[in-house]
Structures are given as structure tokens and as C-alpha cells.
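Written below as C-alpha cells is the structure these notes are about.
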Amino acid sequence: MSFTGKYELQYQENFEPFMKAVGLPDEQIQKGKDLKSISEIVQDGKKFNITVTTGTKVIRQEFTIGEECEVETLSGEKIKTVVQMEGNNKLIANLKGVSSVTELNGDTITLTLKAGDITLKRVSKRI
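Residue numbers (the working numbering): 11 to 137.
Structure, rendered in C-alpha cells:
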């Protein structure tokens with residue numbers, strides 16, 4: 011199953027509590043809570059290029075499954091991680107105490123981020 015495509019955020023759950031838990035300032039949380047993001051994913055075998063555009067902020071991630079890479083967190087910090095693939099539709103990474111699971115089911119991508127006991131769920135549809 012290929013992740014390649016453009017996806018628009020449909021809804022998210024627990025955005026504010028999660029962002030507070032990971033240390034984002036209130037001003038940034040308020041600005042970002044109602045913005046719809048567009049994610050563009052290009053998958054070439056085990057190599058991924060992901061561009062997420064939220065308002066005027068653009069985050070680009072590039073990684074190869076099973077290899078160490080540097081990714082940008084929601085707070086703008088750059089950290090090293092290894093992204094793993096489970097089955098052919100799930101990407102898993104650990105981002106400095108935050109677990110990240112991205113699952114593709116048909117035309118829907120669900121991103122689940124967990125920090126302690128707070129879970130952020132973001133659901134996007136292919137456009």
C-alpha cells in the first residue's frame with residue numbers, strides 16, 4: 011500500500027491538552043488549533059518525503075524506513091529518530107518521549123501521537 015498522495019486534515023482530538031503537555035506556548039496553540047493542514051507524501055519504496063503545510067508554517071520530513079534520520083518536532087526542535095514500518099500501512103517512531111503512529115487505511119490517514127497519558131489523534135483524507 012502506497013502512502014503517496016495529498017491529505018487534508020478533517021478533524022483532531024485533544025489538540026490543546028497534547029500541545030500543552032509537549033510544551034508549546036499558549037499563543038501558538040491558539041493560532042494552530044483551528045488551522046487545517048495539508049500533508050503531501052511521496053513514497054519511493056522505503057524512502058519518504060513528507061511536506062506538511064499548516065497556515066504559513068511548512069515542515070518537511072525526509073526519511074528512509076529503518077535508518078536514523080533527523081525530524082522536526084511540533085515545537086520546531088530537530089531530533090534524531092528511526093522510523094519503522096509495521097505491515098505495509100503503519101509508520102512508527104519515537105520522538106523524544108512522544109510515540110508517533112501514522113496509519114493508512116484506504117484514503118484515510120490517522121496520526122496518533124502519545125505523550126504520557128495524553129493522546130492526540132489527527133484524521134486526514136486523501137484529496
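Just so you know, even glycine gets a beta-carbon here, dropped at the ideal spot from N, CA and C.
Note that the structure is a prediction, hence the values are computed from the model and not measured.
message: Per DSSP, what are the beta-bridge partners of residue 102 in this structure?
response: The residue you call residue 102 lines up with position 92 of the sequence shown. In DSSP, residue 102 forms a bridge with 94 and 111.
- request: Run through the segment 15 to 44 for me and flag every whole alpha helix (DSSP H) of 4 or more residues, listed as ranges in chain order.
  value: 25 to 31 and 36 to 42
message: Closer than 8 Å is the cut-off here; do at least three beta carbon pairs connect the segment 13 to 21 with the segment 29 to 36?
response: no
Alpha-carbon spacing of residue 133 relative to residue 122, whole angstroms: Here residue 133 refers to the residue found at position 123 of the sequence shown. Here residue 122 refers to the residue found at position 112 of the sequence shown. If you take the alpha carbons of residue 133 and residue 122, they lie about 9 Å apart.
field: First and last residue of the uninterrupted beta strand (DSSP E) at residue 54
entry: What you label residue 54 is simply residue 44 of the sequence shown in a count that begins at 1. Looking at the DSSP string, the run of the beta strand (DSSP E) that includes residue 54 is 47 to 54.
- prompt: Count the other CB atoms within 10 Å of the CB of residue 137; is the residue buried (16 or more) or exposed (fewer)?
  reply: Along the sequence shown, one-based indexing puts residue 137 at 127. Answer is exposed; the Cβ neighbour count stays below 16.
query: Who are the Cβ neighbours of residue 110 in its own chain at under 6 Å, not counting the five residues just before and after it?
result: The residue you call residue 110 lines up with position 100 of the sequence shown. Closer than 6 Å at the Cβ level, and outside the excluded window around residue 110, lie 103 and 123.
message: Using the three-state DSSP reduction, which class does residue 58 fall into: helix, strand or coil?
response: The sequence position of residue 58 within the sequence shown is 48, counting from 1. Strand.
message: Distance check for residue 56 and residue 1, CA to CA, integer angstroms please.
response: It is not possible to answer for residue 1, since the shown part of the chain is limited to 11 through 137.
query: In the structure shown, what three-state DSSP assignment does residue 134 receive?
result: The residue given as residue 134 occupies position 124 in the sequence shown. Residue 134: strand per DSSP, three-state reduction.
task: Within the same chain, show all residues whose beta-carbon is closer than 6 Å to that of residue 120, passing over the 5 residues directly before and after it, in chain order.
output: Position 110 of the sequence shown, counted from the start, is the residue given in the question as residue 120. Result list for residue 120: 113 and 133, in chain order.
message: Mapping the DSSP letters down to three states, classify residue 75 as helix, strand or coil.
response: Position 65 of the sequence shown, counted from the start, is the residue given in the question as residue 75. If DSSP states are grouped into helix, strand and coil, residue 75 belongs with coil.
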